[in-house]
Amino acid sequence: MAIKESLICGNINWIDIEAPNAQEMQQASDKYGLNEYTVRDCLQPEHLPKYEFVDGIHFLILRYYAHDMGKQLVTIQELTNKVAIFYTDDFLITIHKTPIPFLQLLRNKVVAPNQCASVTDLLLRIVWNALETFDEPANRLSEQVDFYESHVMMRKLNSDLSNALYKIKREASSAHKVLMLMQEPINHINIKKGEEASLQDVRDQHLKMKILYSQAVEDVNNLMSLSLSFSAQRTNDVMKTLTIFSVFFMPLTFIAGI
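Take 0 as the starting number for the sequence shown in numbering that gives the first Met the number 0 and just add one per residue.
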């Protein structure tokens, strides 16, 4: 387990815990008064985004994009990693299994220069950066859709094309589901006065990501339908040719039969 502690606003502690076990989490739970059920949830790597307010402590789970491109089967758990967050007005605790680059970036560029106004200010920055991890993959999927669209329109249809479109659809659909589930914790962030603009930025970022992945899913579905239509048309053309040949030889077959 690795623990990094930083001060926010001079006296508020940010505790970042990486790869804790059950015993280490129990120690943190006893120290900060965390509920045992929320602690149990934060230790489950496959847990989906959620929000709870228990014993005066806000608890939320976020997921950020962290897909290994070598994997073929794309599920929500393979596509994203989890970060659990406990926070009050006096402290903020982030818990994750693997290193998260954007947390270190926030520590260096925001926390170290003492540019955080409150716990919720830092929380909004964490949520925004978690959503930002979905941006580059969305652009990549959009480029792939454009690439395969040209193949479909040029009638370059084969099994590899179908497999590629299906993979894009699975990835875009899984990401869209995660983003839909992220709506709940985002809606339950209680901001301080003056942080309305930061919250709106988070909501705008969330809406943008949902639209990008929803559009990717829709475009892939249209391409798959179009490729199936072209395949059916090609089959009909072959059947038409065979029918012409059969009609041509039908009189000869009749004469030979007589």
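Positions of the beta carbon are idealized from the N, C-alpha and C atoms, including for glycine.
Three-state class that DSSP yields for residue i in the structure shown
i    : result
V73  : coil
K3   : strand
N162 : helix
D15  : strand
H187 : coil
L211 : helix
N10  : coil
S28  : helix
M249 : helix
K176 : helix
M223 : helix
K168 : helix
I125 : helix
E194 : coil
I99  : coil
D218 : helix
D200 : helix
E23  : helix
D120 : helix
DSSP beta-bridge partners of residue i
i    : result
Y303 : A question about residue 303 goes unanswered here, because the residues of the chain that appear run from 0 up to 257.
T132 : Paired residue(s): none; T132 is not in a bridge.
V144 : DSSP output for V144 lists no bridge partner at all.
I94  : I16 and A83
Y50  : L59
Sequence-distant residues of the same chain with beta carbon closer than 7 Å to residue i, five excluded per side
i    : result
E51  : T37 and F58
C115 : I7, C8, V109 and L121
A171 : L140, Y212, A215, V216 and V219
L180 : L47 and P48
R124 : L105 and V109
Start-to-end residues for the alpha helix (DSSP H) that takes in residue i
i   : result
V38 : E35 to C41
Close Cβ partners of residue i (< 8 Å) along its chain, the five nearest in sequence each way excluded
i    : result
K176 : I75
K182 : Here residue 182 turns out to be Gln, not Lys, going by the sequence shown. Once the five neighbours on either side are set aside, the close Cβ partners of Q182 are H205.
I167 : L140, Q143, V144, Y147, A215 and V219
R202 : I185
A111 : S5
H187 : Y50, F52, H57 and L59
T132 : Y63, Y64, A65 and F101
K96  : E17, A18, P44, N80 and K81
6 Å Cβ shell around residue i - same chain, five flanking residues per side excluded
i    : result
C41  : A83 and I94
I14  : E4 and I92
I2   : I16
R169 : V73
L178 : M208 and K209
V151 : L222, L225 and S226
I190 : T119 and L198
V126 : V201
For residue i, the first and last residue of its enclosing beta strand (DSSP E)
i    : result
K108 : Premise fails: K108 is in no beta strand (DSSP E) and is neither H nor E.
Closer than 7 Å: residue i CB and nearest the ligand HEM heavy atom
i   : result
L61 : Inclusion of the ligand HEM in the displayed structure is not the case, the ligand content being empty and no account of it being possible.
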